[in-house]
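If you're matching positions, the sequence shown starts at 12 in the numbering used here and goes up one per residue.
Ideal placement from N, C-alpha and C gives every residue a C-beta, glycine not left out.
Computed from a predicted structure; not experimentally measured.
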Amino acid sequence: MSRTATNTQSRPVTGDGAYPVGPAAEAVRAATIRGRMPAPGRRRPPQRRTSGGSLGPRSPVTRAAPPRGRSGRPAARAAAPRRLAPVAAVVVLLVAGVAAYLLLDARASRAAERDLVASYAKAWSSKDFSTMHGELGDEVSGRLDEARFTEIMRDALTTATARSVTTGEPERTDDGFAVPVVVRTRLFGTIRGTVAVPLEGSGDEAGIRWSRRMAFPGLRAGEALTRTTEMPARADILARDGSTVLAGGADRTSDVPNIASQVVGALGTAVDTDRSSLRALGVPADAKVGVSGLERILNPQLVGTPGGTLKAGDRVIAEVRPKKARAVRSSISIAVVKAAAAAQANAPDASGTTVIDSRTGEVLGFQGSAWSALQPPGSTMKIVTAAAALEDGVAKTTTTYPRQTEAEGFGIQNADGESCGGTLVESFAHSCNSVFVPMGAKLGPKRLVEMAERFGFNEKTAGIPGAQISTIPEASTMDDRQAAVSAIGQGTVQATSLQIALMTATIANGGRQPELTFLRTSRTAETKRVISAKTASGMRQLMAAVIADGTGESARVPISGIVTGGKTGTAELATTQGAQCDAEAAARAQQQQPDKVAEAPEPVSACGNVDGKSTTAWMSAFAPLTRRGDVDPVAVGVLRARNFQGGGTAAPVARQVLTAALGR
């Protein structure tokens with residue numbers, strides 16, 4: 012018997028040593044059951060060489076006669092090759108599995124990279140530079156911090172005068188992606204291009220390999236985006252009548268120079284705080300622009316469309332010619348400004364007037380230091396205090412208060428030491444400190460400050476660049492007694508005539524504060540709700556009483572059928588400027604010994620003796636009380652710095668201005 016070659020392999024087995032485990036094992040098990048393959052561990056039949064010299068399947072090494080069956084014919088060998096079919100199937104399955112895994116892994120990796128670039132592109136569309144920076148690769152982000160990245164990206168858009176950026180779907184390239192970008196600009200129209208976005212790393216570990224050329228479509232390596240600008244002639248400013256020129260031509264001449272001097276303002280090099288917004292309009296840093304008055308407020312409407320060339324390195328990306336803007340019809344009433352200027356002709360420095368149409372939000376006129384002078388608002392602050400009390404249910408218009416000469420325990424008495432009180436309407440009409448000082452303490456710092464801020468304190472006034480911010484101390488810095496002093500406009504509360512006019516317009520407009528405009532319009536302004544309509548109605552009742560039978564009679568408009576509302580104010584400057592104010596000393600004493608009210612010092616009129624130069628006079632007024640036909644209530648805020656009492660010097664100014672406004 013000849014020796015035969017055997018083919019043995021080492022195979023993993025199951026716990027009982029029977030069959031291998033896994034998908035391949037199942038194929039083996041199935042083949043064994045079908046009888047097409049020996050069970051694991053059994054020898055394979057001997058192999059033989061074929062006539063060609065190769066080893067044939069399952070053949071002995073030596074040539075022998077084929078076995079014969081009972082019939083004497085050679086036995087069938089067809090089954091032998093078929094026994095290898097399951098093995099081939101297993102191999103195919105394994106290879107296919109690996110290939111499928113690799114394919115799925117590659118697809119997941121490519122999807123992660125696409126998502127990365129899509130996130131970057133989407134953030135660019137919304138100018139979310141923080142998110143864009145977060146998608147950069149470690150190599151880039153390590154040497155380029157978010158602040159610098161943001162500066163570079165923003166500067167590119169500003170140089171191009173971009174209004175918006177729109178990005179399309181990323182398309183894969185050899186080393187990353189290409190992102191379609193559309194930039195809509197103020198000067199150069201729409202600029203379209205593709206930005207190549209290369210990657211570092213792959214899959215979930217990928218990051219964007221950013222460079223400066225990616226800051227704007229069309230840039231190449233080493234190129235910078237630049238712009239040259241040619242300014243058009245500045246547009247004319249017209250009064251609200253549409254014909255009177257307030258400022259025109261290169262030399263800004265006016266048909267009414269005395270009036271124009273109050274409102275037009277001057278030209279010069281851009282104020283620092285305006286540079287960014289002007290640059291976005293395409294205005295170069297050395298251009299002559301408005302630096303005060305209407306010239307500054309209306310800069311966006313007056314500068315026109317600059318011309319110029321946008322370049323990437325030496326290559327021209329876009330080019331446009333300058334275009335002059337059309338004449339701007341302002342909201343300014345010649346009659347109103349003339350009346351304000353005449354009424355304030357003898358006013359001390361740092362005085363001012365602001366006049367507002369309460370429905371449209373149009374600024375009809377202004378004069379002097381309308382929004383640049385800050386002074387303690389005095390009793391005009393009682394508008395805020397009373398509104399908070401009515402809104403919160405702390406008081407009603409019918410609530411009654413004792414008639415007395417002072418606010419007990421606070422060391423503050425009524426003006427001229429008069430006995431004052433009665434209903435809330437009467438107390439407001441006669442500006443009773445004895446009522447509103449304790450009311451401020453009852454409201455407390457938090458509520459008082461909240462209401463003041465709803466009226467506009469502690470925030471910029473939209474649309475008026477350079478306007479001073481009217482302020483009230485933060486609630487966390489005050490106690491109830493300091494709130495009591497702030498409730499009557501003393502302490503460290505500060506306001507402009509603009510702020511007082513805006514508060515007044517809010518009351519006249521049913522509790523909604525109008526958005527201001529210096530452009531002629533007949534449309535109702537966008538508004539924000541400050542107080543409820545019910546509270547506003549109550550406030551109109553209080554303010555009408557001030558004019559009808561209170562401290563503001565001198566502000567009554569002498570037009571039949573027109574009811575005027577208002578509030579006087581007299582701010583005693585010693586409260587804000589004197590370190591030894593008796594009223595504040597009394598408040599401190601009460602804070603230290605709150606149960607010993609009788610120990611307060613002798614009451615004074617706020618803080619010291621009153622003379623014309625130690626007080627600031629205020630008048631808040633509006634007419635008509637509600638809209639009459641097509642006549643909107645007009646609101647005015649009058650400030651006369653260091654000039655006696657509001658009812659005596661500021662109220663007559665309000666009357667003259669309102670009379671002119673209603674006759675415009």
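Use the C-beta contact count for residue i: other C-beta atoms within 10 angstroms, 16 or more gives buried, fewer gives exposed.
i, result
"Ser-137", "exposed"
"Pro-317", "buried"
"Gly-451", "buried"
"Gly-301", "buried"
"Ala-671", "buried"
"Asp-186", "exposed"
"Asn-357", "exposed"
Suppose you measure from the CA of residue i to the CA of residue j; what does that come to, to the nearest Å?
i, j, result
"Ala-158", "Lys-471", "26 Å"
"Ser-342", "Asp-266", "16 Å"
"Ala-296", "Leu-509", "30 Å"
"Gln-386", "His-441", "22 Å"
"Ser-369", "Thr-503", "28 Å"
"Gly-376", "Val-274", "8 Å"
"Lys-334", "Ile-219", "41 Å"
"Leu-198", "Gly-293", "7 Å"
"Asp-285", "Pro-476", "8 Å"
"Ile-345", "Ala-338", "17 Å"
"Ala-350", "Glu-583", "27 Å"
"Asp-245", "Ala-261", "In the sequence under discussion, the amino acid at residue 245 is Arg, which differs from the Asp named in the question. Their Cα atoms are separated by approximately 7 Å."
"Ala-232", "Ala-167", "15 Å"
"Thr-626", "Asn-425", "15 Å"
"Thr-264", "Ala-281", "21 Å"
"Ala-291", "Glu-150", "32 Å"
"Val-348", "Ile-163", "46 Å"
"Ala-519", "Gly-657", "20 Å"
"Gly-648", "Ser-380", "12 Å"
"Asp-360", "Thr-482", "21 Å"
"Lys-322", "Ala-171", "9 Å"
"Glu-408", "Asp-252", "For clarity, residue 408 is Thr in the given sequence; the question names Glu instead. Using only the alpha carbons, I get a separation of about 41 Å."
"Arg-332", "Gly-324", "20 Å"
Using 8 Å as the threshold, is the C-beta distance between residue i and residue j below it?
i, j, result
"Ala-512", "Ile-367", "yes"
"Arg-666", "Ala-566", "yes"
"Gly-580", "Gly-500", "yes"
"Val-194", "Val-176", "yes"
"Thr-178", "Ala-132", "yes"
"Gly-279", "Gly-304", "no"
"Thr-575", "Val-568", "yes"
"Ala-536", "Thr-528", "yes"
"Glu-124", "Ala-217", "yes"
"Gly-577", "Ser-631", "yes"
Skipping 5 residues on each side, what residues in its chain have a beta carbon closer than 6 Å to that of residue i?
i, result
"Arg-523", "Thr-538, Arg-540"
"Ala-406", "Ala-400, Leu-435"
"Val-128", "Pro-181, Phe-188, Val-208"
"Val-190", "Ala-132, Thr-178, Pro-181, Val-206, Val-208"
DSSP state of residue i, grouped into three classes?
i, result
"Ile-328", "strand"
"Glu-234", "coil"
"Phe-199", "coil"
"Ile-475", "coil"
"Gly-428", "helix"
"Pro-605", "Unreliable positioning characterises Pro-605 in this predicted model, as indicated by a pLDDT of 31, which lies under 50. The coordinate reading is nonetheless provided below. DSSP places Pro-605 in coil when its eight states are reduced to three."
"Asp-628", "Looking at the sequence provided, one finds Ala at residue 628 rather than Asp. In this structure, Ala-628 counts as strand in the three-state DSSP scheme."
"Asp-186", "coil"
"Ser-341", "strand"
"Ala-41", "Because the pLDDT of Ala-41 is 47, which lies under 50, any placement of that residue in the model is unreliable, and the number read from its coordinates should be weighed accordingly. Ala-41 falls in the helix class under three-state DSSP."
"Ser-676", "Limits of the chain in this structure are 12 at one end and 675 at the other, which puts residue 676 out of reach."
"Gly-744", "What the structure shows of the chain is the stretch from 12 to 675, and residue 744 is not part of that stretch, so it cannot be assessed."
"Gln-634", "With the sequence shown as reference, residue 634 is identified as Ala, and Gln is not the correct amino acid for it. If DSSP states are grouped into helix, strand and coil, Ala-634 belongs with the strands."
"Arg-263", "coil"
"Glu-417", "strand"
"Ile-219", "strand"
"Ala-153", "For the sequence presented, residue 153 should be read as Gly rather than Ala. Correct three-state label for Gly-153: helix."
"Gln-355", "coil"
"Gly-67", "Legend: pLDDT at Gly-67 = 45, less than 50; position of this residue unreliable, no value from coordinates given."
For residue i, which residues in the same chain have their Cβ closer than 7 Å to its Cβ, ignoring the five residues on either side in sequence?
i, result
"Ala-418", "Asn-444, Ser-445, Val-448, Pro-449"
"Gln-479", "Trp-382, Ser-383, Leu-385, Thr-507"
"Thr-255", "Leu-249, Asp-266, Val-267, Ile-345"
"Ser-438", "Tyr-412, Cys-431, Gly-432, Val-446"
"Ile-558", "Glu-564, Ala-566, Arg-567, Thr-575, Gly-576, Gly-577"
Beta carbon of residue i: closer than 7 Å to some heavy atom of the ligand GDP?
i, result
"Ala-207", "As for the ligand GDP, it is missing from this structure, which has no ligand bound."
Ignore the nearest five residues each way along the sequence and tell me which others in residue i's own chain have a CB closer than 8 Å to its CB.
i, result
"Lys-680", "Any answer about residue 680 is impossible in this case: the structure gives the chain only from 12 up to 675."
Measuring only between beta-carbons, confirm whether residue i sits less than 8 Å from chain D.
i, result
"Ala-232", "Among the chains of the structure shown, chain D does not appear; only one protein chain is present."
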